[in-house]
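Residue numbers (the numbering used here), protein chains in the order written: chain R, 82 to 418; chain V, 82 to 418; chain W, 6 to 424; chain E, 6 to 424.
C-beta: ideal position from N, C-alpha, C; glycine also.
Have a look at the structure below, then the notes.
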Ligand SMILES: Cc1ncc(C[n+]2csc(CCOP(=O)(O)OP(=O)(O)O)c2C)c(N)n1
Ligand SMILES: Cc1ncc(C[n+]2csc(CCOP(=O)(O)OP(=O)(O)O)c2C)c(N)n1
Ligand SMILES: [Mg+2]
Ligand SMILES: [Mg+2]
């Protein structure tokens with residue numbers, strides 16, 4: 082066991098896997114010598130050489146396309162898109178090629194690869210360093226979508242993603258790279274060191290894809306969250322003194338529907354929390370699923386707490402961010418009747 | 082009044098507006114001399130000259146980007162993406178630039194333009210001529226999303242879209258360009274000529290954005306649909322002999338929430354029908370909204386009838402397509418209790 | 006928005022919109038096309054500095070001359086056997102195309118695309134590469150499969166989306182794929198395969214392998230961002246890849262000027278990336294062979310990528326959905342100066358005394374018979390138009406390696422739909 | 006996946022991964038950089054055929070020589086007044102950059118980006134264009150605004166996202182926009198502005214206007230698909246646009262070889278699109294002026310676009326988030342052979358007897374005072390770090406022209422959140 086923050090855990094996952102499997106190649110903008118703008122790939126080029134970890138041209142479509150060719154050859158690319166806000170130029174290759182390859186060829190060609198990208202707000206990153214585009218990928222059949230919320234999961238899920246036979250979009254909540262965030266931006270940042278989830282095995286282990294994590298058991302309502310919002314939701318529940326069950330989804334596709342159903346059927350109430358804009362965000366799918374499957378157990382309509390339907394502003398960041406106050410309001414509503 | 086199919090109506094909207102406003106320019110792949118692969122822009126180059134209607138290189142990102150520059154200059158671009166399946170290379174320009182320009186500059190620069198694109202299945206088009214990507218645009222704040230279901234609306238909505246000060250993504254259900262489709266692929270195609278909605282004024286008129294159309298009034302349940310599925314849903318309701326209220330949404334963003342709420346509060350039941358894959362499709366947002374707003378009026382959970390979470394297959398098209406049988410099953414469910 | 010009157014003393018700007026030399030009703034005009042004599046282009050060493058090739062990007066490598074002789078330094082000096090193999094493949098492709106076009110017209114399937122007039126390119130390129138090398142094709146390279154001996158019946162099963170299609174009918178007709186034959190899955194989305202080919206080649210180099218890749222694109226599709234990605238990555242990492250641009254001068258109804266051909270050749274794009282570039286008579290099977298062979302040697306020697314423009318003409322419609330008489334003169338194909346690739350190679354073989362009328366008649370008969378037999382066999386396995394819904398549960402497979410719960414639920418629902 | 010053993014007799018392929026000549030701890034090495042003497046490059050007529058410029062795409066247009074004289078055909082023969090104006094703008098930019106960098110370090114805002122070492126490019130380009138022309142800049146062209154007399158205090162308000170920011174704090178610091186000054190909104194997404202500039206120029210041509218556009222991009226960002234879109238559309242429609250590529254040799258931690266610079270110059274991309282191209286000493290204010298002036302004349306005469314590579318060096322970090330000592334030698338900036346653009350122009354002015362130490366001292370004092378005064382004024386309107394949430398309802402405006410119901414509901418909810 083070692084104590085790791087999320088960056089260290091992600092870095093460690095790369096190293097463990099690259100040592101085990103020499104077909105893994107890592108590339109992306111600035112990931113080589115420098116080790117990435119968030120330093121997630123630090124030391125990889127040194128240890129594994131320039132042909133297994135290297136800088137790519139600033140061409141997200143090219144990075145994704147080249148990964149397709151490499152996967153077709155038999156390698157396993159683990160690529161970094163520097164910020165999720167810059168994934169759109171690669172969208173065609175991801176949606177039209179990577180996601181559909183296994184299907185369109187009836188598994189003659191498959192696309193095992195991981196597309197890592199830091200996402201989410203709360204860092205004064207403005208419109209183009211703050212976005213949460215996960216629902217644009219959950220809509221695309223053929224992709225798995227994974228979002229860790231702590232160092233232990235980050236490493237275990239990333240290893241599972243690398244070992245997965247299908248393409249995985251792996252969004253990393255950059256706000257909590259260095260420590261969890263309770264949503265109170267005016268309080269000092271806590272480092273991961275003090276937390277149990279920062280105890281991470283140094284070697285190989287996995288956290289299985291498709292399995293949610295009940296991070297807090299409770300009877301009064303079910304809270305569904307992922308990434309940074311797991312911590313914000315947990316804190317809000319503590320503060321409200323409510324016996325909430327908080328589920329960290331960890332994988333959005335395929336979803337752990339069983340965990341969700343069981344919980345909501347038990348509590349009869351459900352609150353969904355995410356940073357992405359509300360309209361057609363992943364919360365919509367969660368809300369629809371919960372209602373479809375637990376309607377007769379629901380004592381109140383499912384509530385969504387989300388980012389607003391505006392671009393992510395630079396100032397008024399905390400008006401945009403779904404923080405404790407917004408969660409509290411929704412909680413009052415979902416607990417009302 | 083003239084009798085028009087949808088292509089003729091769309092063509093007419095272009096002509097009416099280009100005559101009125103000389104700042105309108107139309108471009109896209111094959112739209113110039115030839116008039117587009119679906120002939121929606123036929124005759125425009127001849128009437129308005131090569132600098133107002135012209136062929137573009139096969140570069141969807143370029144087409145969208147150049148439209149941004151033109152809109153910044155003060156022109157009003159109406160661009161065609163040949164198939165919605167090919168809009169992804171333009172996704173970055175649409176999401177990062179077109180959608181956010183007004184916001185990021187506090188309205189110093191605005192992006193009035195229309196992005197037209199044929200979408201949807203039912204034509205044996207395979208994976209890349211059949212997709213329904215609307216929810217990938219409804220999630221993007223700053224875009225309006227419009228989908229007509231008949232010639233009259235196609236013309237009126239397109240004129241409204243061209244006159245709108247904001248960027249509008251205008252998806253055209255290609256399956257019904259030449260005639261409505263009841264979902265029974267084995268029956269002969271009906272031309273538009275026999276239908277009231279094919280009576281279209283020759284001159285200028287608008288169908289306002291943001292207003293749904295109640296195409297069938299009823300008391301037993303509310304059906305929400307758009308595009309081709311309006312006709313499939315209508316036929317299914319007729320066949321089931323159910324007193325359904327069928328709402329053609331026409332605009333997905335901004336949504337006519339009032340019409341929806343009123344209807345569901347009246348009927349107590351709601352069925353949503355779309356062609357796009359289910360997970361994170363626009364039906365999820367509709368379902369969430371209806372549940373949030375009409376929960377205490379609902380007698381059964383909102384049901385979604387959708388395309389499946391697979392790429393669009395070439396064969397087994399009718400297993401993929403949400404046809405009458407699928408609607409019937411969902412209807413039984415939503416009417417059960 | 007009125008024209009700015011701020012500087013009335015300056016000349017008015019004007020937008021240039023490229024226009025092909027002739028439209029329907031006008032006489033086809035090829036006066037703008039320069040055709041250098043065969044044998045004229047110099048042939049630098051395959052391991053030369055990239056710049057040495059750059060004069061060739063505005064020239065045209067041609068081997069077969071007007072007397073049907075093979076001339077000049079690019080003559081690949083192929084044996085009669087190889088020439089006859091290429092010829093046979095070209096004829097097979099043409100017969101196959103005609104047959105499948107008709108099958109579509111008969112309503113047996115939804116779509117078809119011919120490569121008429123471009124047969125030399127894929128068949129000769131395949132002959133010039135090794136069978137272990139991989140192709141990332143676009144949709145007019147059926148000649149690659151034919152050359153590599155892929156069963157015609159399998160191609161037809163794909164076209165019919167029938168029980169014999171190993172892709173389970175998932176793809177539009179002609180979107181073949183065969184891993185065994187080194188033929189990557191064709192995409193309906195233009196240009197995506199071009200940088201993918203570069204990625205495969207990079208992988209081969211990373212692994213110290215010796216196999217190279219060839220990517221294919223059309224003139225129209227070069228405008229996509231993926232074209233630039235391919236050239237950028239190929240140049241930066243000096244990938245062992247051949248990037249072929251088939252300039253058949255049309256992209257559906259848009260002539261190549263809309264992709265930039267008025268101002269420069271497609272081959273000359275190589276200059277700005279500092280890689281080798283060649284412009285080749287695509288209707289000259291020998292020139293095609295020679296160029297691909299040159300580029301393959303270069304790639305195998307770690308000298309990096311080559312961009313090759315094959316200059317040719319799309320002699321027929323874009324696809325079964327297209328009627329070119331709506332945008333270009335009807336006789337445009339016949340008057341095209343580089344001639345028909347099949348005839349040109351036949352005349353050369355005749356000149357070499359390696360071909361005659363009897364052999365021609367025999368070949369045509371044999372090819373027709375082979376294609377007809379294949380069609381019969383394929384149709385036994387079904388045609389799209391008569392497809393029922395047995396096997397429809399397969400529609401839900403292969404989205405992921407393991408079927409997740411939501412797709413399993415959807416499959417179960419679909420199977421109950423008829424009930 | 007083991008290396009294919011199928012052909013052990015063939016040489017193993019190897020991937021080339023470009024590496025800069027020196028890393029931290031090593032001695033900076035510029036031996037690979039060829040610096041032709043000033044005055045050497047010929048100057049074709051601005052209305053020449055595009056090809057005539059192509060030799061210049063691998064050359065380097067330079068005017069200021071080692072004796073601080075302006076020499077050769079590209080000497081724009083500017084009046085002392087214009088030279089001093091450019092000089093003053095450059096100095097202002099440098100002082101401004103230093104000041105704002107420090108403001109960020111003091112925690113007053115979230116982010117800042119300098120253009121140290123590149124000041125000549127934007128300031129001279131602005132001087133060479135007309136004020137009615139439009140720029141589609143990227144984030145190191147603050148010199149355009151300074152040159153056009155945009156109030157420094159407005160720039161600072163944007164940097165502070167304060168009440169004086171006409172964009173209501175929506176954009177990251179330095180993502181300026183000003184319609185009045187013909188300065189298009191800077192995007193955080195690289196390269197998007199490049200084809201947008203082409204679209205604006207096309208619009209101007211469609212309208213028979215006389216205004217032209219200039220698009221800006223960095224060396225690293227040329228790898229994006231939008232770069233190719235810009236060149237393709239500019240070439241096809243012969244748009245009246247100048248496409249500037251600022252090659253400062255670094256893209257965050259990646260050197261320009263990762264964008265293709267090992268194999269070719271960025272200017273030489275012009276060749277493959279058949280448009281004019283120039284490669285220019287970006288640290289030579291006179292060469293920059295001359296080149297932009299040439300390209301502007303060309304564009305105004307309906308002779309189409311010009312791609313200009315400005316060869317320069319990013320003398321400091323990428324942004325306040327970056328420390329370049331992690332990936333390049335510390336002294337790399339000082340040893341850079343093309344020198345400092347501010348000093349070079351000053352020395353030229355001195356040589357002309359149009360500048361002296363007194364003037365220099367006065368200018369520095371004046372500029373510092375101006376910048377300090379502007380900062381004081383801007384800070385009166387607030388700094389990001391002290392921002393409260395008054396005015397937060399404005400966050401919901403401008404998503405659409407009219408606020409739709411769902412955003413209005415969200416605004417109302419947000420306003421009640423504190424309660
Ligand atoms: C991304 C994308 N955009 C548009 C299309 C529609 N489309 C299919 S083929 C074609 C023309 C391609 O022309 P070219 O590249 O010259 O190839 P050719 O058909 O001449 O072989 C177009 C526009 C597509 N398939 N993919
Ligand atoms: C689409 C996109 N991808 C990645 C980034 C992250 N990024 C910001 S600046 C930068 C480097 C750009 O280098 P260059 O174009 O050379 O400009 P310079 O900073 O040297 O002026 C990168 C990778 C981005 N902003 N947008
Ligand atoms: Mg073509
Ligand atoms: Mg740079």
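Distance CB(residue i)-CB(residue j) smaller than 8 Å
i                      : j                      : result
residue 134 of chain W : residue 301 of chain W : yes
residue 107 of chain W : residue 131 of chain W : no
residue 245 of chain W : residue 211 of chain W : no
residue 292 of chain V : residue 332 of chain V : yes
residue 110 of chain R : residue 116 of chain R : no
residue 383 of chain V : residue 219 of chain V : no
residue 139 of chain V : residue 119 of chain V : no
residue 153 of chain R : residue 173 of chain W : no
residue 312 of chain R : residue 272 of chain R : no
residue 352 of chain W : residue 314 of chain W : no
N- and C-terminal bounds of the alpha helix (DSSP H) containing residue i
i                      : result
residue 143 of chain V : 141-154
residue 204 of chain W : 198-211
residue 215 of chain E : Here residue 215 of chain E belongs to no alpha helix (DSSP H), and DSSP marks it neither H nor E.
Contacts of residue i in chain V (Cβ-Cβ under 8 Å)
i                      : result
residue 202 of chain E : 150
Status (buried if at least 16 other CB within 10 Å, exposed otherwise) for residue i
i                      : result
residue 289 of chain V : exposed
residue 111 of chain W : exposed
residue 182 of chain R : buried
residue 40 of chain W  : exposed
residue 361 of chain V : buried
residue 268 of chain V : exposed
Beta-carbon neighbours of residue i, restricted to chain E and to distances below 9 Å
i                      : result
residue 268 of chain W : 55, 240, 241, 243, 278, 279, 280 and 309
Closer than 9 Å at the beta carbon, the chain W residues around residue i
i                      : result
residue 130 of chain E : Those within 9 Å of residue 130 of chain E in chain W number zero; the least Cβ separation is about 19 Å.
residue 360 of chain V : 411
Span of the beta strand (DSSP E), counted from its first residue to its last, around residue i
i                      : result
residue 115 of chain V : Element bounds for residue 115 of chain V: n/a, residue is neither H nor E.
residue 221 of chain W : 218-223
residue 281 of chain E : 281-286
residue 294 of chain R : 294-297
residue 159 of chain V : 157-161
Amino acids of chain E, ordered along the chain, whose beta-carbon sits closer than 7 Å to that of residue i
i                      : result
residue 142 of chain R : 230
Cross-chain neighbours of residue i in chain V, by beta carbon under 7 Å
i                      : result
residue 403 of chain E : 183, 184, 187 and 188
Any non-hydrogen atom of ligand 5 closer than 7 Å to residue i Cβ
i                     : result
residue 60 of chain W : Looking at this structure, you won't find ligand 5 anywhere; what it does contain is ligand 1, ligand 2, ligand 3 and ligand 4.
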